[in-house]
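> Sharing a structure below in structure tokens format, with a few things to ask.
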Amino acid sequence: MGLLSLIPTVDRLMETVCLYPTARVEAGQRRVLDEATRQRRLARQLEALEKDNFQDDPLSSLPQVLLPAYLPSVSLKNQVNHFKQSFRKNFTTLLEEVVSHTPPFSLTAHHFCCVCGFPSHYTCTTCGGRYCSTKCLCTHRETRCLKWTL
Amino acid sequence: MATLVLDNGAYTAKIGYSQEKVSVIPNCQFRSKTSRLKTFTANQLDEIKDPSGLFYILPFQKGYLVNWDVQRKVWDHLFGKEMFKVDFADTSVVITEPYFNFTSIQESMNEILFEEYQFQSALRINAGSLSAHHYFHTNPSELCCMVVDTGFSFTHIAPYCRRRKMKESIRRINVGGKLLTNHLKEIISYRQLHVMDETHVINQVKEDVCYVSQHFYKDMEIAQAKGEENTVMRDYVLPDFSSIKKGFCKPREEMVFSGKYKTGEQILRLANERFAVPEMLFHPSDIGIQEMGIPEAIVHSVESLPEEMQPHFYRNVVLTGGNTLFPGFRERLEAELRALVPAHLPVSVMLPANPVCYAWEGGKLLAHNPDYDEMVVMREDYEENGHCICEEKFDI
Numbered sequence: 009m010g011l012l013s014l015i016p017t018v019d020r021l022m023e024t025v026c027l028y029p030t031a032r033v034e035a036g037q038r039r040v041l042d043e044a045t046r047q048r049r050l051a052r053q054l055e056a057l058e059k060d061n062f063q064d065d066p067l068s069s070l071p072q073v074l075l076p077a078y079l080p081s082v083s084l085k086n087q088v089n090h091f092k093q094s095f096r097k098n099f100t101t102l103l104e105e106v107v108s109h110t111p112p113f114s115l116t117a118h119h120f121c122c123v124c125g126f127p128s129h130y131t132c133t134t135c136g137g138r139y140c141s142t143k144c145l146c147t148h149r150e151t152r153c154l155k156w157t158l
Numbered sequence: 110m111a112t113l114v115l116d117n118g119a120y121t122a123k124i125g126y127s128q129e130k131v132s133v134i135p136n137c138q139f140r141s142k143t144s145r146l147k148t149f150t151a152n153q154l155d156e157i158k159d160p161s162g163l164f165y166i167l168p169f170q171k172g173y174l175v176n177w178d179v180q181r182k183v184w185d186h187l188f189g190k191e192m193f194k195v196d197f198a199d200t201s202v203v204i205t206e207p208y209f210n211f212t213s214i215q216e217s218m219n220e221i222l223f224e225e226y227q228f229q230s231a232l233r234i235n236a237g238s239l240s241a242h243h244y245f246h247t248n249p250s251e252l253c254c255m256v257v258d259t260g261f262s263f264t265h266i267a268p269y270c271r272r273r274k275m276k277e278s279i280r281r282i283n284v285g286g287k288l289l290t291n292h293l294k295e296i297i298s299y300r301q302l303h304v305m306d307e308t309h310v311i312n313q314v315k316e317d318v319c320y321v322s323q324h325f326y327k328d329m330e331i332a333q334a335k336g337e338e339n340t341v342m343r344d345y346v347l348p349d350f351s352s353i354k355k356g357f358c359k360p361r362e363e364m365v366f367s368g369k370y371k372t373g374e375q376i377l378r379l380a381n382e383r384f385a386v387p388e389m390l391f392h393p394s395d396i397g398i399q400e401m402g403i404p405e406a407i408v409h410s411v412e413s414l415p416e417e418m419q420p421h422f423y424r425n426v427v428l429t430g431g432n433t434l435f436p437g438f439r440e441r442l443e444a445e446l447r448a449l450v451p452a453h454l455p456v457s458v459m460l461p462a463n464p465v466c467y468a469w470e471g472g473k474l475l476a477h478n479p480d481y482d483e484m485v486v487m488r489e490d491y492e493e494n495g496h497c498i499c500e501e502k503f504d505i
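Those protein sequence lines, which keep their order, are chains A and B. Numbering-wise (the working numbering), the first sequence opens with residue 9 and increments by one. Numbering-wise (the working numbering), the second sequence opens with residue 110 and increments by one.
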């Protein structure tokens with residue numbers, strides 16, 4: 009019993025003396041995301057992959073005064089807008105209606121470590137991200153795990 | 110009467126008169142951080158002095174044409190004095206559309222072609238149909254073919270029999286060049302250097318350095334080796350737009366495995382990303398997309414067809430689209446198909462010499478076809494009958 013109580017302190021000693029972080033998380037502090045939240049996070053990541061640009065339009069950051077007079081006038085914009093309006097609002101609904109025709113995959117999936125990209129065997133208990141070694145788990149915990157939550 | 114063939118893709122437009130050669134031009138507008146007021150259209154990309162942090166304005170979203178403002182501006186530039194100098198009253202246009210295009214988009218396109226630009230006649234057709242036409246022209250003895258079109262927005266697998274597409278067996282996979290580039294940007298930004306703004310540069314990296322591996326797990330093991338044994342690893346020199354205009358991959362002899370480089374270049378070290386990114390075409394589940402990869406989708410599509418026709422489709426698989434340019438794509442696809450298809454059926458996958466322009470060249474052949482005049486809709490017919498005549502004649 010005496011030896012067992014020493015183990016947590018040994019780990020903490022290692023952290024301070026050797027200055028490397030361990031993957032240990034205190035028992036009460038670990039938060040586990042449920043399946044629905046994990047799905048939402050995945051959907052959000054996939055949506056981010058569909059974006060054209062990650063930065064803002066350079067033109068939008070200019071103050072209005074600087075914009076030259078030859079930019080399209082308001083009346084032309086109204087004329088042209090009806091093309092955009094007619095399907096912009098129901099584009100996403102239309103897209104969902106169009107059956108994608110591809111059923112889900114049937115073979116086994118590969119899983120890759122979210123830090124280094126090599127094949128992984130373990131899963132982060134908190135967020136479900138995959139990792140391959142404890143070193144990658146530490147990096148994951150520090151940088152990505154629960155860094156943005158839904 | 111001239112015929113203009115326009116393969117209107119989400120990334121590039123392949124355009125040219127049917128008597129001349131094709132030009133591949135980006136189908137979007139650009140804005141750069143340095144010259145903020147000016148918007149560059151299509152091939153004016155070469156005029157930009159500092160293409161870092163280039164902002165793309167694409168008319169296509171998820172593969173369908175939604176932003177007509179931008180598309181009109183690009184077309185104005187292409188049809189105008191600087192490019193093709195189109196004489197609208199005397200020109201017939203062949204223009205491509207994606208499969209399952211929405212009726213509202215089709216109608217908008219009719220209006221724009223006939224009422225705004227006033228072409229003499231027009232033909233709207235799927236890009237895959239042009240590729241199929243090209244294939245049947247070069248192989249007249251074949252009855253069926255399977256067109257695999259991997260482009261920017263998605264991948265379509267479309268079977269064609271006797272020049273007609275089999276609509277119920279078309280399969281779509283939502284993985285395209287855009288997804289691959291964005292994924293590569295994310296993993297490089299997480300592991301090495303923040304490049305989320307640099308779509309143009311990373312697209313170049315993807316095209317120069319990525320390949321499709323034939324033995325995935327074996328390549329993964331080699332990529333984990335250290336130093337000289339790691340034959341997969343490459344260093345890519347990023348452009349700084351002052352001395353180095355365009356990024357390039359360092360040849361293996363110049364690579365320094367231990368320690369840093371002496372020169373002040375920005376280097377990206379890529380190992381497993383080289384083949385893990387194109388792997389998404391074969392396994393979209395790698396990233397969490399719950400869809401089949403290309404080989405399984407081909408098999409799924411063929412199995413939905415009558416049994417007598419199935420061997421013909423496996424023998425005539427045609428690859429088109431930009432993603433097929435990855436080294437090793439054709440061999441890997443053939444090997445995977447061979448593993449999934451019953452042993453008594455022969456499998457043959459064809460990669461044409463120029464997959465990106467294959468559909469355009471099909472359009473060129475179609476324009477010289479004697480049946481062409483019956484397939485188009487003349488402007489007078491459209492003005493009399495409206496959208497319904499286009500709906501009847503065009504098989505989209």
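Where a beta carbon is used, it is the ideal one built from N, C-alpha and C, also for glycine. Model, not experiment: these values are computed from the prediction.
1) Between A:Pro127 and A:Cys135, which are expected to be in contact by the criterion C-beta below 8 Å, what is the C-beta distance as a whole number of angstroms?
2) Just confirm the distance between the C-beta atoms of A:Leu54 and B:Ile297, as a whole number of angstroms; I'd bet it's less than 8 Å.
3) Less than 7 Å between the C-beta atoms of B:Asn117 and B:Thr205, yes or no?
4) If you measure beta-carbon to beta-carbon, which residues of the stretch 387-412 of chain B are closer than 9 Å to chain A?
5) Select from B:Val310, B:Gln215, B:Glu224 and B:Asp328 the residue whose C-alpha is nearest the C-alpha of B:Gly356.
6) If we count the other Cβ atoms within 10 Å of its Cβ and call it buried at 16 or more, is B:Asn381 buried or exposed?
7) Starting from the C-beta of B:Val175, find all residues in its chain whose C-beta is less than 8 Å away, skip the five residues before and the five after it, and write them out in chain order.
8) Ordered along the chain, which non-local residues of its own chain (more than five positions away) have a Cβ less than 8 Å from that of B:Val318?
9) Taking all protein chains shown into account, decide if B:Ile353 is buried (16 or more other Cβ within 10 angstroms of its Cβ) or exposed.
10) Excluding five sequence neighbours on each side, which residues of the same chain lie with their C-beta closer than 6 Å to the C-beta of B:Met459?
11) Determine whether the beta carbon atoms of B:Val203 and B:Phe228 lie at a separation below 7 Å.
12) Could you check if B:Ala332 is buried or exposed, using at least 16 other CB atoms within 10 Å of its CB as the buried criterion?
13) Using a 10 Å radius around the Cβ and a threshold of 16 neighbouring Cβ atoms, would you call B:Val304 buried or exposed?
14) Using the three-state DSSP reduction, which class does B:Asp344 fall into: helix, strand or coil?
15) For a quick check, are the C-beta atoms of B:Phe245 and B:Gly172 less than 7 Å apart?
16) Who are the Cβ neighbours of B:Glu470 in its own chain at under 6 Å, not counting the five residues just before and after it?
17) Going along the stretch 125-150 of chain A in order, which residues come within less than 7 Å of chain B, judged by CB to CB distance?
18) Does DSSP classify B:Glu191 as helix, strand or coil?
19) What residues in its chain sit with their C-beta under 7 Å from that of B:Thr66, if we drop five residues either side in the sequence?
20) Which residues does DSSP list as the beta-bridge partners of B:Pro135?
21) Looking only at its chain, what residues have a beta carbon closer than 6 Å to the beta carbon of B:Val321, apart from the 5 residues adjacent to it on each side?
22) What are the partner residues of B:Gln170, as DSSP defines its beta bridges?
23) Entirely within the stretch 400-476 of chain B and at least 4 residues each: give me those alpha helix (DSSP H) ranges in chain order.
24) Please confirm whether A:Gln63 has its beta-carbon closer than 7 Å to some beta-carbon of chain B.
25) Quick one: give me the first and last residue of the alpha helix (DSSP H) that B:Ser213 is part of.
26) Verify the CB distance criterion: does A:Leu57 have a CB-CB separation below 7 Å to chain B?
27) For my contact list, B:Ser230 and B:Val411 are in at a C-beta cut-off of 8 Å; report their separation, rounded to the angstrom.
28) Quick check: does the Cβ of A:Ser141 come within less than 6 Å of any heavy atom belonging to the ligand SAM?
29) Let me know if B:Asp258 comes out buried or exposed under the rule of 16 or more other beta-carbons within 10 Å of its beta-carbon.
30) Can you list, in chain order, the residues of its chain whose CB lies under 7 Å from that of B:Met218, leaving out five sequence neighbours each side?
31) Check the Cβ of B:Tyr423 against every Cβ in chain A and list those closer than 8 Å, keeping chain order.
32) Note down, in chain order, each residue of its chain lying with its Cβ closer than 7 Å to the Cβ of B:His496, except the 5 sequence neighbours on either side.
33) What does the Cβ neighbour count give for B:Thr433, buried or exposed, with the cut at 16 atoms within 10 Å?
34) Between which two residues does the beta strand (DSSP E) carrying B:Asn312 extend?
35) Could you pull the start and end residues of the beta strand (DSSP E) that B:Ser230 belongs to?
36) How many angstroms separate the CA atom of B:Asp196 from the CA atom of B:Ile124?
In this structure, then:
1) On the first sequence, position 119 is the one that residue 127 of chain A refers to. On the first sequence, position 127 is the one that residue 135 of chain A refers to. In fact, because the Cβ distance is near 19 Å, the residues do not count as touching under 8 Å.
2) Here residue 54 of chain A corresponds to residue number 46 of the first sequence, with the count starting at 1. Here residue 297 of chain B corresponds to residue number 188 of the second sequence, with the count starting at 1. Wrong, their Cβ atoms sit about 18 Å apart, outside the cutoff.
3) Position 8 of the second sequence, counted from the start, is the residue given in the question as residue 117 of chain B. Position 96 of the second sequence, counted from the start, is the residue given in the question as residue 205 of chain B. Taking 7 Å as the Cβ cut-off, B:Asn117 and B:Thr205 qualify as a contacting pair.
4) Glu388, His392, Pro393, Ser394, Asp395, Ile396, Gly397, Ile398, Gln399, Glu400, Met401, Gly402, Glu405, Ala406, His409 and Ser410
5) Locating residue 356 of chain B in the second sequence gives position 247, where the first residue counts as 1. For the residues B:Val310, B:Gln215, B:Glu224 and B:Asp328, the minimum Cα distance to B:Gly356 belongs to B:Val310.
6) The sequence position of residue 381 of chain B within the second sequence is 272, counting from 1. Buried, because 16 or more other Cβ atoms sit within 10 Å of the Cβ of B:Asn381.
7) For the purposes of this step, residue 175 of chain B is taken as residue 66 along the second sequence, with counting starting at 1. Within the same chain, B:Val175 has close Cβ partners Pro168, Phe169 and Ile214.
8) Residue 318 of chain B sits at position 209 when you count from the first residue of the second sequence. Around B:Val318: Arg343, Tyr345, Cys358, Leu379 and Arg383.
9) Reading the second sequence from its first residue, position 244 is the one you call residue 353 of chain B. Residue burial is scored here from C-beta neighbours: B:Ile353 has fewer than 16 other C-beta atoms within 10 angstroms and is therefore classed as exposed.
10) The residue you call residue 459 of chain B lines up with position 350 of the second sequence. Val427.
11) Numbered from 1 along the second sequence, position 94 holds the residue referred to as residue 203 of chain B. Numbered from 1 along the second sequence, position 119 holds the residue referred to as residue 228 of chain B. No. Outside cutoff.
12) Start at 1 with the first residue of the second sequence, and residue 332 of chain B comes out as number 223. Buried, by the Cβ-count rule.
13) Here residue 304 of chain B corresponds to residue number 195 of the second sequence, with the count starting at 1. When all chains shown are included, B:Val304 counts as buried.
14) Mapped onto the second sequence, residue 344 of chain B falls at position 235. B:Asp344 carries a strand assignment under DSSP once its states are collapsed to helix, strand and coil.
15) Residue mapping note: residue 245 of chain B aligns to position 136 of the second sequence, counting from 1. Residue mapping note: residue 172 of chain B aligns to position 63 of the second sequence, counting from 1. The answer is no: Cβ separation not under 7 Å.
16) By one-based count along the second sequence, residue 470 of chain B stands at place 361. Answer for B:Glu470: His243, listed in chain order.
17) Gly125, Phe126 and Pro127
18) On the second sequence, residue 191 of chain B is found 82 positions in, with the first residue counted as 1. It is coil, neither helix nor strand.
19) Any answer about residue 66 of chain B is impossible in this case: the structure gives chain B only from 110 up to 505.
20) Residue 135 of chain B sits at position 26 when you count from the first residue of the second sequence. Answer is B:Thr121.
21) Indexing the second sequence from 1 puts residue 321 of chain B at position 212. Only Pro387, Phe435, Gly437, Phe438 and Arg441 meet the Cβ criterion.
22) In the second sequence, counting from the first residue as 1, residue 170 of chain B sits at position 61. Paired residues: B:Tyr173.
23) 403-412, 419-424, 438-449 and 467-476
24) Taking the first residue of the first sequence as 1, we reach residue 63 of chain A at position 55. Chain B contact via Cβ: present.
25) Along the second sequence, one-based indexing puts residue 213 of chain B at 104. Segment Thr212 to Glu220, the alpha helix (DSSP H) holding B:Ser213.
26) Sequence index remark: in the first sequence, residue 57 of chain A carries index 49 (1-based). Output row for A:Leu57: interface = yes.
27) Reading the second sequence from its first residue, position 121 is the one you call residue 230 of chain B. Reading the second sequence from its first residue, position 302 is the one you call residue 411 of chain B. The distance from the Cβ of B:Ser230 to that of B:Val411 is about 36 Å, inconsistent with a contact at the 8 Å cut-off.
28) The ligand SAM is not part of this structure, which contains no ligands at all.
29) As a first step, residue 258 of chain B is located in the second sequence; it is residue number 149 there, counting from the start. So B:Asp258 ends up on the buried side.
30) Stepping through the second sequence from its first residue, residue 218 of chain B is reached at position 109. If we look at B:Met218 and ignore the five residues flanking it on each side, its Cβ neighbours are Arg233.
31) Walking along the second sequence from the start, residue 423 of chain B turns up at place 314. By Cβ distance, chain A contributes nothing, its closest Cβ being about 19 Å from B:Tyr423, past 8 Å.
32) On the second sequence, position 387 is the one that residue 496 of chain B refers to. Excluding residues within five positions, the ones whose Cβ falls inside 7 Å are Glu216 and Asn219.
33) Taking the second sequence and counting its residues from 1, one reaches residue 433 of chain B at position 324. The residue in question, B:Thr433, is buried, as its Cβ has 16 or more Cβ neighbours within 10 Å.
34) Numbered from its first residue, the second sequence carries residue 312 of chain B at position 203. Unbroken run through B:Asn312 is the alpha helix (DSSP H), Thr308 to Val318; no beta strand (DSSP E).
35) Counting from 1 along the second sequence, the entry for residue 230 of chain B is found at position 121. Run containing B:Ser230: Ser230 to Asn235, per the beta strand (DSSP E) assignment.
36) Mapped onto the second sequence, residue 196 of chain B falls at position 87. Mapped onto the second sequence, residue 124 of chain B falls at position 15. Their Cα atoms are separated by approximately 15 Å.
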